[in-house]
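Below: the structure, in structure tokens.
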Amino acid sequence: MVMAEPLLAVRGLSVAYAGVPAVRGIDLDVARGEVVALVGANGAGKTTILSAISGTVGFGGGRIGAGRVLLEGQDVTGRPAHRLVALGLSHVPEGREILARLTVAENLDLGAYQRSDRAAVAADVEVVYERFPILGQRRHQLAGSLSGGEQQMLAISRGLLGRPRLLLLDEPSLGLAPQAVRAVFEEVDRIRRAGTTVLLVEQNARQALALADRGYVLETGSIVLAGTGAELSRNERVIDAYLGLPPELGANAAG
Amino acid sequence: MDGLLSGLASFWATYESVAQFVGLNAILGLSIYVTLAAGQLSLGQAAFMGVGAYTAALLTMQLGWPFAAVLAAGVVAAGLTAFVLGVVVLRLRGVYLAIATLGFGAVFGVVLFNLPISGGAEGLRPIPSITTTWQIYLALAALAFGLWRMDGSTFGRSLFALRDDEAAAASLGIDPFRTNLVAFVASGMIAGLAGGLSAHLTYIITPGQFGFGPALDILVYAIVGGTTTFLGPILGAALLTILPEVMRQVPVDPGASELFVSGLILLLIILFLPSGLASLVVGRRRRSDARSPQSPTAAPPPSPSPSLEPSPSSRPQPRPTGGSPSPTPPAPEPLLAIEGLGRRFGGLRALEGLDLTVGPGQVVGLIGPNGAGKTTLVNAVTGLLPPSAGRVVFAGHDITAWPAHRVARLGLVRTYQNVRLFRHLTVLENVLVGAALGRPGTLGPRLVGRSRAQEAAARNEALGLLERVGIAHLADRPAGGLSYGDRRRLEICRALAARPRLLVLDEPAAGMTAPEAARVGTLVRELATEGLGVLLIEHNVGLVMATCDRVVVIDFGSRIAEGVPAVVARDPRVIDAYLGDAVASA
């Protein structure tokens, strides 16, 4: 299932915050073109794994204690985030983190900060405005004035403007109304069909696993289960712990 | 033996004045610590010191008052000055406050130069030398003791809370302006004491001693020493006072090189000990009283400790000011009544003509698309944002446009959509900030050593609440290090600790797995049966439907539907605006 040399390979990764371990020696692969979901309870270490991969874990006070992060076989462990961006890695963080006091257009422009092909960037921005007309209409408004769903679309679009090979998405449906949640998952699906590889962290485990090719289940910093999205969706342990019963409590209404 | 003694005596003769200045500067460091603890940057400390120094010196020279009386007068004068200045400038924050206090220092300097009584540029002399080393250290010890007790008190925590997040602190009943003013006046008084002591040590005082340079020095003591514990400024003042003396002993080309080396040492400290010298002594975190969860042994046993038991029945104590006596039936009089509420941002109508009521023991859901105005509604009701139209009545009071801390004190407590915790406090301390609402403060009892029972009771209750939301095992962690969902749970817990009559939860289950979200729903139902009113904003529609007695749906700032969940879920307008087709079948 996993190709000989995955796009992303994580080997024995351990991360701790002020000595408290958050991730304990995990292995993880993401092959080209895949959508891989990380599922787990709060505090299981999902966000920490993404930030360790993207070189931002230090901003939150975390330290990589052991292990390696390999991007196309190249050891990039502990590289600063801006250099990883140059290697084709884009991280859309939890809580969107759009720049609220910049305009929509400025936010998008910063997504292409390391690109020099201005004409192509402008074309890509136009594509974003076509796909999300509301962003186009509000291109000169402050990003902070957008609704939550619009901000999330802006954050994902900004992430894509770097033309990443690997997109890390952390909780893209967080705090969104049901219709906006559906739009986010449709967008992730479209990104996958466009050929971008995605590593997805999502509390909405039902939808994440329905979308993902493969998934990993994390508990207290360790991977306890791995499999295809469909396998994990049927796994009783996963259903009990993450999908929840009765289903209407977990469905977050969209699906 | 005699040789040793006389050696010590001559050593002391040489270094006594250094010791005196270490003590005085440490007192000044403590004076700025009080404002920095609350997140206020004051560059007026040297001027406050000057007020104390000139007041005390003039009273000694002209009226011959006894030393204790002139010191007290200097303290009072500096405190009054800080009060008047604080009333004017404490609406400012950060850099702006620093500039304003700096401006005050400049004005003070001009006044000293021009008033006949202050002796102009010549200053005042001769001031009798009265201050002794032991007096300085007695004052320092007393202040250090007071601030040590302050750090762990309800007042100290309210300062730290303001430093971390002013809006969140106000939402727990802390009055930001008043609390900051108290800290500012206290800091002025401490600086005034240092001024009185130093004036009677140095024979002469001149305006330059209280100018810009000294004001910066005082800030540097606190920054180099660290501002997370009262020990920091003391250590910083000691190092920065002793260092130049040591450098003077080094027999390499005096002058510039000694400044260079001291500067280099400072730079290294800032680079490698960003939390200051104090982090060498007390570790990276402030020593916290959070450690021993229960210490009923020494304390006179508190009446059966409230909620050690992690069972759902462990209920926060009803507010002493008269909570709802009959929990269950929704009273005819709603707890919260919102009438015709409107809010505009420029030309945009974020809310218009909105009516909404919540009764005691009721859970009312508020749903709507992103950007519909839900959070604006919460902000307008809880005092973060004055409404432009309409009325808010809570528990019989018209609270329209009340400030956040007064709303909270009346029993209307909220959480924030984007989670606002006190990041540098521990989980337990966050809850204790909430628990302080409406309770007697602990600073006074802590100063006289009679706080144990009170603190043990508060701690036990806080731990009980943490247990109830399922994060008691994280009690001693800094809140900033929690995962997203745990931060949400802590925020709910902190709000509950304030013993609200009505709880407003802004997306409490965001970022939680389905089972975790379901537990939030169970908790909300439990709270409602205990008589609490809950206004629940949530996108997890399953949770809303399973938890709420009534659901209000808004879109574009206006109500589009209201009713019991099952009916609202089938309302075509709601399906169209919000749910989509998915839930209609569920």
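Chains as they are written, first to last, in my numbering: chain A, 4 to 258; chain B, 11 to 596.
Heads up, the beta-carbon is just placed ideally off N, CA and C, and yes, glycines get one too.
A straight-line Cα-Cα distance of about 6 angstroms links B/Arg167 and B/Val443. Between B/Leu515 and B/Leu546, the gap from beta carbon to beta carbon is short of 7 angstroms.
The C-beta of B/His549 comes closer than 7 angstroms to at least one C-beta of chain A.
Collapsing the DSSP output to three states places B/Tyr213 in coil. Assignment of beta strand (DSSP E) within the segment 411-499 of chain B, counting only whole runs of 3 or more residues, yields 422-424 in chain order.
In this model, B/Thr557 and B/Val458 are separated by some 47 angstroms (Cα to Cα).
Chain B has a Cβ within less than 7 angstroms of the Cβ of A/Tyr245.
For B/Arg498, the closest alpha carbon among the candidates B/Arg424, B/Ser20 and B/Phe566 is that of B/Arg424. The beta carbon of A/Gly178 falls within 7 angstroms of a beta carbon belonging to chain B, placing the residue at that interface. With a beta-carbon spacing of about 16 angstroms, A/Ala146 and A/Leu179 fall beyond the 8 angstroms limit used to define contacts. Rounded to whole angstroms, the separation of the alpha carbons of B/Gly474 and B/Ile215 is 57 angstroms. Scanning the segment 63-106 of chain A from its first residue to its last, the whole alpha helix (DSSP H) runs of 4-plus residues come out as 84-89.
Around the C-beta of A/Tyr219, 16 or more other C-beta atoms lie within 10 Å, and the residue is accordingly described as buried.
Per the DSSP secondary-structure output, A/Tyr20 pairs in a beta bridge with A/Val23 and A/Gly65. Here B/Asp408 is bridged, per DSSP, to B/Val403.
Annotation: A/Ile56 to A/Leu164 spans about 19 angstroms, alpha carbon to alpha carbon. Counting C-beta pairs closer than 8 angstroms gives three or more between the segment 53-61 of chain B and the segment 195-205 of chain B, which meets the contact rule. Taking B/Gly375 as reference, the option from B/Gly156, B/Glu132, B/Glu572 and B/Glu176 with the minimal CA-CA separation is B/Glu572.
With contacts defined as CB atoms closer than 7 angstroms, B/Asn380 and A/Ser150 qualify as a contacting pair. Linking B/Leu277 to B/Met257 through their CA atoms gives a straight-line distance of about 16 angstroms. Annotation: B/Tyr588 is outside any alpha helix (DSSP H) and is labelled neither H nor E by DSSP. Nearest to B/Arg101 by C-alpha distance, out of B/Trp158, B/Phe187, B/Gly286 and B/Asn35, is B/Phe187.
Where A/Gly152 is concerned, the enclosing alpha helix (DSSP H) starts and stops at Gly151 to Leu163. By the C-beta criterion, the segment 202-211 of chain A is judged to be in contact with the segment 36-52 of chain A, since at least 3 inter-stretch pairs fall below 8 angstroms. Scanning B/Leu438, B/Tyr588 and B/Ala468 for the CA closest to the CA of B/Gly378 turns up B/Tyr588. The three-state secondary structure of B/Ala520, taken from DSSP, is coil.
Beyond the five residues adjoining it in sequence on each side, A/Ile226 comes within less than 6 angstroms, by CB distance, of Ile29 and Tyr219 in the same chain, given in chain order.
Among the CB atoms of chain B, none fall inside 7 angstroms of the CB of A/Pro136.
The CB of A/Gly46 comes closer than 8 angstroms to the CB of Leu492, Ser493, Gly495 and Asp496 in chain B, given here in chain order.
In this structure, A/Ala183 places its C-beta atom within 7 angstroms of the C-beta atom of A/Gly152. Following the DSSP letters along the chain, one finds B/Val388 inside the alpha helix (DSSP H) bounded by residues Lys384 to Val391. For A/Leu203, the enclosing beta strand (DSSP E) has its first and last residue at Thr200 to Val204. Interface annotation, B/Asn380: in contact with chain A, CB-CB separation under 7 angstroms.
Between B/Phe432 and B/Asp161, the CB-CB gap reaches or exceeds 7 angstroms. Distance from the Cα of A/Arg66 is smallest, within the candidate group A/Ser176, A/Arg217, A/Arg14 and A/Pro24, for A/Pro24. For the segment 174-227 of chain A, the full-length beta strand (DSSP E) segments reaching 3 residues or more read 200-204 and 217-222 along the chain.
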